[in-house]
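Q:
Protein chains: 2
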Amino acid sequence: MKIDRTVLRRFSMFERMPDGDLDALIAQAVPKRADAGEAFFEQGAPATHFYLLINGRLKVTQVTQDGQQIIVRVVHPGDLFGFARALRRNDYPGTALTMTESLAMSWPTEAWPQFIDRSPHLAVSALNTIGQRLEEAHTRIREMSTEEVERRVAHTVLRLSQQAGKPAENGVRIDFPITRQDIAEMTGTTLHTVSRILSAWESKGLVEGGRQKLLVRDVKGLQALADASNR
Amino acid sequence: MKIDRTVLRRFSMFERMPDGDLDALIAQAVPKRADAGEAFFEQGAPATHFYLLINGRLKVTQVTQDGQQIIVRVVHPGDLFGFARALRRNDYPGTALTMTESLAMSWPTEAWPQFIDRSPHLAVSALNTIGQRLEEAHTRIREMSTEEVERRVAHTVLRLSQQAGKPAENGVRIDFPITRQDIAEMTGTTLHTVSRILSAWESKGLVEGGRQKLLVRDVKGLQALADASNR
DNA sequence: CTCCGCAATTGACATAGAGCAAATCGTCAC
DNA sequence: GTGACGATTTGCTCTATGTCAATTGCGGAG
């Protein structure tokens, strides 16, 4: 399983990195593959490596003391994940679970400073990444504080269709297997409620459901729902 | 209103910075004072400066399209705030509103790289700060997804008492004026519910309320409430 | 092709907590 | 001291969702 420059070059983070630097990074990386349902690392484990997702799709989850699970975020190809250590943590705050077979590159956490030094552009990217992630978190908090479930689900589905949408015959297909339970854990509700909402949308022609499948047929319509300033 | 080294030295961020560097930073800084209720900057305004809170207390708020407000975080003395620009944003994502008269130092955003270069320790601090903030956000998301209102309020009050607690005769006093509305906006509920909860707690002897006042009498008891794995 | 198990759907019911309304109370300005 | 206003409290109602339960059905394993 050989990974070369051209693969990384596709990700905006590495777009402008000189070949030499890129090769140096790759030389130190260890590729890791995981089947669907496997974990790259588990919540609480010592943070020994950080990763770059090449392809596939992950969810980062946290479980509460009393066993409830939430999805912290979904990791898409080109995203870094598991760089907790860079933020001074010694263990992973969540579990990185694959939703489909996935391929990632890994570096030992000690390599992080070097990773950053390699290119100023990369340092900026990394900071931006975190900043963006913080913003996403705040968006989610805002939505959970002020919006009712249906709007939250609408926002979440729209986001997914942007980040992982694949044009299909009659709409945009979410390009990885996702359950109602997943959506529930992303929006802070239950799979029952999600199911009801999706059913309602389906009968309105907004989406098309299926087992671990989701196709958005009417993005505009969903947008309208998501934006609705409360009836 | 002269700010000198000894003031900054109290904050962990500057503990180990050489006098010279510290003075250089101070030389470029402009102190800014704000009365209670004033804003250092407003949501959406161009991010021209970033700040360090010297004393006082702020809340960073966001308003949604339909006018609902949430408190993104509370800023305590020693915290940096408004460094959105460092994360590539051009405008402030929220409004920084003082809860009491406050004093801050400000630097033009252009000075950020220099600020960072000034000391490697400081760069690390900054990264940690953001990382911590991200973690806080995730904690909040987790709480909002999985906990009922009473536990969320308990967690929030405990956090406040840790970050802004002042030992008092019979408990820990939150050291700045805070309304039920504020607490509601921090936990994603309404002031009514918060009021009811606090009243209930008061009759159990856990806290002592008052107009814009809050005194935690029984930290242990509150902890128990916050930890309770659902009734 | 058939079976099995996990996902999804749907109905019935219970309730936490939002909304609304009205009364009271603490503080600050004068 | 007196007003006046914002903060707080509290009762009542209503509804969005969670909870519980049962059924259906898709899709992979053999």
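Residue numbers (the working numbering), protein chains in the order written: chain A, 897 to 1127; chain B, 897 to 1127.
Even glycine gets a Cβ: it sits at the ideal position worked out from N, Cα and C.
If we call anything under 8 Å between Cβ atoms a contact, is GLY1027 (chain B) one with SER1041 (chain A)?
A: Walking along the second sequence from the start, residue 1027 (chain B) turns up at place 131. Walking along the first sequence from the start, residue 1041 (chain A) turns up at place 145. Taking 8 Å as the Cβ cut-off, GLY1027 (chain B) and SER1041 (chain A) do not qualify as a contacting pair.
Q: Please report the straight-line C-alpha distance between LEU948 (chain A) and GLU1006 (chain A), rounded to a whole angstrom.
A: Here residue 948 (chain A) corresponds to residue number 52 of the first sequence, with the count starting at 1. Here residue 1006 (chain A) corresponds to residue number 110 of the first sequence, with the count starting at 1. Going from the Cα of LEU948 (chain A) to the Cα of GLU1006 (chain A) covers about 15 Å.
Q: At what residues does the beta strand (DSSP E) containing ARG901 (chain B) begin and finish?
A: Translated into the one-based positions of the second sequence, residue 901 (chain B) becomes position 5. Where ARG901 (chain B) is concerned, there is no enclosing beta strand (DSSP E), although the alpha helix (DSSP H) it sits in stretches over 901-905.
Q: Please check if any C-beta of chain A sits within less than 8 Å of the C-beta of THR960 (chain B).
A: Position 64 of the second sequence, counted from the start, is the residue given in the question as residue 960 (chain B). True, the Cβ-Cβ gap to chain A drops below 8 Å.
Q: Give the straight-line distance between the Cα atoms of PRO1016 (chain B) and SER1002 (chain A), rounded to the nearest whole angstrom.
A: Within the second sequence, residue 1016 (chain B) is the residue found at index 120, counting from 1. Within the first sequence, residue 1002 (chain A) is the residue found at index 106, counting from 1. Going from the Cα of PRO1016 (chain B) to the Cα of SER1002 (chain A) covers about 26 Å.
Q: Give me, in chain order, the residues of the same chain whose beta-carbon lies closer than 7 Å to that of PHE910 (chain A); leave out the 5 immediate sequence neighbours on both sides.
A: Against the first sequence, residue 910 (chain A) aligns to sequence position 14. The answer, listed in chain order, is LEU904 and LEU918.
Q: Around the C-beta of HIS1051 (chain B), are 16 or more other C-beta atoms found within 10 angstroms, so that it is buried, or is it exposed?
A: Working through the second sequence from its first residue, we reach residue 1051 (chain B) at position 155. Buried, by the Cβ-count rule.
Q: Note down, in chain order, all residues in the region 902-916 of chain B with a beta-carbon under 8 Å from any beta-carbon belonging to chain A.
A: Listed by position along the chain: nothing, the set is empty.
Q: Suppose the cutoff is 6 Å on Cβ atoms and the five residues either side in sequence are ignored; what does the same chain contact list for VAL1112 (chain B) look like?
A: Along the second sequence, one-based indexing puts residue 1112 (chain B) at 216. Excluding positions up to five away in sequence, the list reads SER1057, GLY1067, VAL1068 and VAL1103.
Q: How many Å lie between ASP1071 (chain A) and ALA1022 (chain B) at the Cα?
A: Within the first sequence, numbered from 1, the residue matching residue 1071 (chain A) stands at position 175. Within the second sequence, numbered from 1, the residue matching residue 1022 (chain B) stands at position 126. Each residue's Cα considered, the two are about 36 Å apart.
Q: Between which two residues does the beta strand (DSSP E) harbouring ASN1066 (chain B) extend?
A: Here the question's residue 1066 (chain B) lines up with position 170 in the second sequence. ASN1066 (chain B) -> no beta strand (DSSP E), and no H or E assigned at all.
Q: In or out: THR902 (chain B) buried (at least 16 other Cβ within 10 Å) or exposed?
A: Taking the second sequence and counting its residues from 1, the one referred to as residue 902 (chain B) is at position 6. Exposed, since its Cβ has fewer than 16 Cβ neighbours within 10 Å.
Q: With a threshold of 16 other CB atoms inside 10 Å of the CB of ALA1096 (chain B), please say whether the residue is buried or exposed.
A: As a position in the second sequence, residue 1096 (chain B) is number 200, starting the count at 1. By the neighbour-count rule (16 or more Cβ atoms within 10 Å), ALA1096 (chain B) is not buried but exposed.
Q: Is ARG1076 (chain A) close to chain B? Criterion is C-beta to C-beta, closer than 8 Å.
A: Your numbering for residue 1076 (chain A) matches position 180 in the first sequence. No, ARG1076 (chain A) does not count as interfacial toward chain B.
Q: Shorter than 8 Å from the beta carbon of SER1015 (chain B) to some beta carbon of chain A?
A: As a position in the second sequence, residue 1015 (chain B) is number 119, starting the count at 1. For SER1015 (chain B), the answer is no, since every Cβ of chain A falls outside 8 Å of its Cβ.
Q: Taking ALA1007 (chain A) as part of the beta strand (DSSP E), name the residues at either end of that continuous run.
A: As a working mapping, residue 1007 (chain A) is identified with position 111 in the first sequence. First-last for ALA1007 (chain A): undefined, no H or E at that position.
Q: From the beta carbon of PRO942 (chain B), is the nearest beta carbon of chain A less than 8 Å away?
A: Along the second sequence, read from residue 1 onward, the residue named residue 942 (chain B) stands at position 46. Closer than 8 Å: no.
Q: Just list the residues that DSSP pairs THR991 (chain A) with in beta bridges.
A: As a first step, residue 991 (chain A) is located in the first sequence; it is residue number 95 there, counting from the start. BP columns for THR991 (chain A) point to A:THR957.
Q: Identify which residue in B:ALA930, B:GLN965 and B:THR944 has its Cα closest to the Cα of HIS1034 (chain A).
A: The residue labelled residue 1034 (chain A) in the question sits at position 138 within the first sequence. Out of B:ALA930, B:GLN965 and B:THR944, B:GLN965 has the C-alpha closest to the C-alpha of HIS1034 (chain A).
Q: Three or more beta-carbon pairs under 8 Å between the region 920-938 of chain B and the region 979-996 of chain B, yes or no?
A: Because the criterion of three Cβ pairs below 8 Å is met, the region 920-938 of chain B and the region 979-996 of chain B touch.
Q: Grab me the residues of ALA1000 (chain A)'s own chain with a C-beta within less than 7 Å of its C-beta, minus the 5 sequence neighbours each way, in chain order.
A: On the first sequence, position 104 is the one that residue 1000 (chain A) refers to. Correct list, in chain order: LYS928, PHE936, TYR947, LEU948, LEU949 and ILE950.
Q: Using the beta-carbon of each residue, which ones in chain A are nearer than 7 Å to ALA1122 (chain B)?
A: The count along the second sequence starts at 1 and reaches residue 1122 (chain B) at position 226. In chain order: nothing, as chain A lies at least about 11 Å away.
Q: For PHE979 (chain A), list the residues DSSP reports as bridge partners.
A: As a position in the first sequence, residue 979 (chain A) is number 83, starting the count at 1. In the DSSP output, where bridge partners are listed per residue, PHE979 (chain A) has none listed.
Q: Cβ of GLY974 (chain A) less than 8 Å from any chain B Cβ?
A: Looking up residue 974 (chain A) in the first sequence gives position 78. No - not a single Cβ of chain B is within 8 Å of the one on GLY974 (chain A).
Q: Which residue spans inside the region 1021-1107 of chain A form an unbroken beta strand (DSSP E) run of at least 3?
A: Listed in chain order, the complete beta strand (DSSP E) runs (minimum 3 residues) inside the region 1021-1107 of chain A are 1061-1064, 1067-1070 and 1103-1106.
Q: Considering only C-alpha positions, which residue in the set B:HIS1088, B:LYS1109 and B:SER1099 is nearest to ILE1074 (chain B)?
A: On the second sequence, position 178 is the one that residue 1074 (chain B) refers to. Answer by Cα proximity: B:LYS1109.
Q: Which value, in whole angstroms, describes the spacing of the CA atoms of HIS945 (chain B) and GLN1077 (chain B)?
A: In the second sequence, the residue the question calls residue 945 (chain B) occupies position 49. In the second sequence, the residue the question calls residue 1077 (chain B) occupies position 181. If you take the alpha carbons of HIS945 (chain B) and GLN1077 (chain B), they lie about 29 Å apart.
Q: If we count the other Cβ atoms within 10 Å of its Cβ and call it buried at 16 or more, is VAL943 (chain A) buried or exposed?
A: Taking the first sequence and counting its residues from 1, the one referred to as residue 943 (chain A) is at position 47. The question names Val, yet the displayed sequence has Ala at residue 943 (chain A). Classification for ALA943 (chain A): buried.
Q: In its own chain, which residues sit with a C-beta less than 8 Å from the C-beta of ILE922 (chain A), not counting the 5 before and 5 after it?
A: On the first sequence, residue 922 (chain A) is found 26 positions in, with the first residue counted as 1. Within the same chain, ILE922 (chain A) has close Cβ partners ILE899, ASP900, ARG901, LEU904 and MET1001.
Q: Quick check: the Cα distance between GLU1031 (chain A) and LEU1018 (chain A), rounded to an integer number of angstroms?
A: Stepping through the first sequence from its first residue, residue 1031 (chain A) is reached at position 135. Stepping through the first sequence from its first residue, residue 1018 (chain A) is reached at position 122. Approximately 20 Å between the Cα atoms of the pair.
Q: Is there a C-beta anywhere in chain B that falls below 8 Å from the one on THR1042 (chain A)?
A: Numbered from its first residue, the first sequence carries residue 1042 (chain A) at position 146. With 8 Å as the cut-off, THR1042 (chain A) counts as an interface residue toward chain B.
Q: Once the 5 residues before and after LEU983 (chain A) are set aside, which same chain residues still bring their CB inside 7 Å of it?
A: Translated into the one-based positions of the first sequence, residue 983 (chain A) becomes position 87. Closer than 7 Å at Cβ, skipping near neighbours: no residue.
Q: When you compare each of A:ALA980, A:SER998, A:THR1025 and A:ASP987 to TRP1008 (chain A) by their alpha carbons, which one comes out closest?
A: One-based indexing of the first sequence puts residue 1008 (chain A) at position 112. Here the closest residue by C-alpha is A:ALA980.
Q: Can the beta-carbon of ALA941 (chain A) be found less than 8 Å from the beta-carbon of ASP987 (chain A)?
A: Here the question's residue 941 (chain A) lines up with position 45 in the first sequence. Here the question's residue 987 (chain A) lines up with position 91 in the first sequence. Cβ atoms of ALA941 (chain A) and ASP987 (chain A): closer than 8 Å.
Q: Is any heavy atom of the ligand NAP found at a distance shorter than 7 Å from the C-beta of GLY978 (chain B)?
A: In the structure shown, the ligand NAP is absent, as is every other ligand, since no ligand is present at all.
Q: Note down the Cα distance separating THR1086 (chain A) from ASP915 (chain B), rounded to an integer number of angstroms.
A: For the purposes of this step, residue 1086 (chain A) is taken as residue 190 along the first sequence, with counting starting at 1. For the purposes of this step, residue 915 (chain B) is taken as residue 19 along the second sequence, with counting starting at 1. Whole-angstrom Cα-Cα distance: 56 Å.
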